[in-house]
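What follows is a single structure, written as structure tokens, with notes after it.
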């Protein structure tokens with residue numbers, strides 16, 4: 044187990060995945076906050092929310 048944790052390649056992949064996930068999460072929060080600032084914000088927040096979910100749905104169907 045210690046050998047796996049000390050593996051430099053694995054550390055690089057895990058840290059890159061962590062920062063990518065963090066960046067996407069921050070972007071999603073900012074985008075939703077920006078959409079909420081518009082007139083008729085319910086529509087824009089709904090559009091942004093749907094746009095964020097669609098890749099996950101199709102990714103599951105296509106295997107990515």
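Residue numbers (my numbering): 44 to 107.
Just so it is clear, CB atoms sit at the ideal spot from N, CA and C, and this is done for glycine as well.
Quick caveat: nothing in here was measured; it's all calculated off a predicted structure.
Residue i, enclosing alpha helix (DSSP H) - first and last residue
i	result
residue 104	84-105
Local conformation of residue i per DSSP, three classes
i	result
residue 51	helix
residue 81	coil
Pairwise C-alpha distance: residue j and residue i
i	j	result
residue 54	residue 73	28 Å
residue 67	residue 83	25 Å
residue 87	residue 51	43 Å
residue 45	residue 62	23 Å
residue 75	residue 95	10 Å
residue 59	residue 80	32 Å
residue 57	residue 47	12 Å
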